[in-house]
Ligand SMILES: [Zn+2]
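And the structure:
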């Protein structure tokens with residue numbers, strides 16, 4: 007199998023790209039600002055293909071030396087059809103055959119996946135989830151994202167939409183959520199809510215989570231209490247996940263995980279208190295290890311798993 011994998015992480019304002027070697031190390035990185043292409047998807051896909059081909063030339067790697075391109079996108083993806091169904095925070099991306107076009111422009115096999123699933127794959131094989139079979143990976147940031155490895159496989163669900171930990175309803179009634187539901191975990195543990203809460207609590211106009219983190223690091227008692235509450239909110243949602251799936255580990259990543267030492271004690275304590283005996287005793291809450299690179303490294307895992315699956319299907323068909 008060709009040894010290099012191209013990992014791509016699509017965000018709202020830029021697309022990050024990395025070349026990943028056999029050991030899961032990124033040995034080349036670049037990024038493409040998407041602003042100039044916001045209204046023209048075809049132009050954007052062509053520009054992305056160009057970045058890919060130029061990067062390969064710079065690194066003296068031929069197209070044949072690449073096993074595949076793995077792309078993580080923030081939204082609903084159909085990996086089997088290679089279609090981006092819907093990206094809630096990037097306008098205009100609806101039913102885009104990204105796989106087809108990018109394969110045409112680059113000549114390299116392309117595999118798509120939801121971005122949190124990609125992070126989950128990366129952490130599973132090369133980060134905090136190494137050697138484990140049952141993990142729940144959550145990302146704390148603008149939203150609360152989730153990915154599931156169950157029985158040694160990424161669990162995608164019947165419509166590729168599984169793992170939405172942030173949209174577990176906590177109550178029977180509560181605030182409306184962007185997902186169309188209400189009283190979701192994200193409504194009490196996502197950045198939008200927490201930023202507003204922090205501003206109110208600390209009497210400021212605007213307050214980012216980093217500011218509350220800085221206060222906690224400086225020993226501010228109110229900031230400690232704030233993070234403790236975040237831990238309790240998260241635990242209230244995650245207890246259901248723990249009871250349902252009996253994971254051995256919950257891996258916590260995303261920007262807010264920088265404050266894990268203030269969040270984790272309350273999170274762990276509340277899960278132990280609320281979860282059923284076996285599940286609660288077993289589960290360990292740990293911090294993600296790969297940081298911002300998890301998605302790009304996850305692309306390597308995705309590409310290899312998909313190629314193995316395709317080969318197995320072909321053998322079955324013979
Ligand atoms: Zn929701």
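Numbering (our numbering), first residue to last: 7 to 324. All C-beta atoms in this analysis are idealised placements derived from N, C-alpha and C, irrespective of residue type, glycine included.
How is the beta strand (DSSP E) around residue i delimited, first residue to last?
i, result
"residue 290", "290-293"
"residue 39", "32-39"
"residue 145", "141-146"
"residue 22", "20-26"
"residue 256", "255-259"
"residue 91", "89-92"
Considering only the alpha carbon of each residue, which of the options lies closest to residue i?
i, options, result
"residue 243", "231, 256, 232", "256"
"residue 304", "228, 113, 124", "124"
"residue 84", "172, 302, 221, 168", "168"
"residue 43", "30, 18, 152, 61", "18"
"residue 137", "127, 144, 146", "127"
"residue 216", "115, 266, 156", "266"
"residue 76", "200, 274, 131, 16", "16"
"residue 151", "193, 48, 270", "193"
"residue 28", "306, 315, 206, 104", "306"
"residue 185", "170, 310, 21", "170"
"residue 74", "296, 118, 262, 130", "118"
"residue 78", "120, 278, 160, 35", "120"
"residue 162", "111, 86, 32, 139", "86"
"residue 260", "293, 271, 239, 240", "293"
"residue 269", "245, 236, 276", "236"
"residue 8", "122, 89, 71, 226", "71"
"residue 33", "40, 10, 51", "10"
"residue 80", "22, 139, 278", "22"
"residue 262", "195, 180, 24", "195"
Can you give the Cα-Cα distance for residue i and residue j, rounded to whole angstroms?
i, j, result
"residue 210", "residue 202", "10 Å"
"residue 12", "residue 252", "33 Å"
"residue 313", "residue 247", "30 Å"
"residue 230", "residue 46", "46 Å"
"residue 233", "residue 97", "33 Å"
"residue 166", "residue 289", "26 Å"
"residue 69", "residue 113", "7 Å"
"residue 158", "residue 301", "19 Å"
"residue 228", "residue 222", "8 Å"
"residue 274", "residue 198", "24 Å"
"residue 264", "residue 172", "19 Å"
"residue 54", "residue 108", "8 Å"
"residue 286", "residue 145", "21 Å"
"residue 1", "residue 147", "Nothing can be reported for residue 1, as the shown portion of the chain is limited to 7 through 324."
"residue 178", "residue 212", "30 Å"
"residue 183", "residue 189", "7 Å"
"residue 131", "residue 36", "23 Å"
"residue 272", "residue 281", "14 Å"
"residue 141", "residue 284", "16 Å"
"residue 67", "residue 295", "29 Å"
"residue 63", "residue 116", "19 Å"
"residue 310", "residue 52", "25 Å"
"residue 338", "residue 219", "Outside the displayed range of the chain (7 to 324) lies residue 338, so it cannot be described from this structure."
"residue 90", "residue 105", "9 Å"
Would you kindly report the start and end of the unbroken alpha helix (DSSP H) that includes residue i?
i, result
"residue 121", "121-132"
"residue 245", "227-251"
"residue 222", "215-223"
"residue 73", "Careful: residue 73 lies outside any alpha helix (DSSP H), inside the beta strand (DSSP E) at 72-79."
"residue 162", "Taken as a continuous stretch (DSSP letters only), residue 162 belongs to no alpha helix (DSSP H), as it is neither H nor E."
"residue 195", "192-195"
"residue 277", "266-280"
Classify residue i as helix, strand or coil using the three-state DSSP reduction.
i, result
"residue 10", "strand"
"residue 287", "helix"
"residue 298", "helix"
"residue 175", "strand"
"residue 117", "strand"
"residue 84", "strand"
"residue 46", "coil"
"residue 201", "helix"
"residue 208", "coil"
"residue 105", "helix"
"residue 154", "strand"
"residue 324", "coil"
"residue 66", "coil"
Is there at least one Cβ from chain B nearer than 8 Å to residue i's Cβ?
i, result
"residue 115", "In summary, chain B is missing from the structure at hand, where a single protein chain is found."
Can we count residue i as close to ligand 2, meaning its CB is less than 7 Å from some heavy atom?
i, result
"residue 243", "Of the ligands one can find in the structure shown, namely ligand 1, none is ligand 2."
Nearest-residue set for ligand 1, Cβ under 5 Å from any heavy atom:
After applying the 5 Å Cβ criterion, the set is 173, 183, 185, 187, 190.
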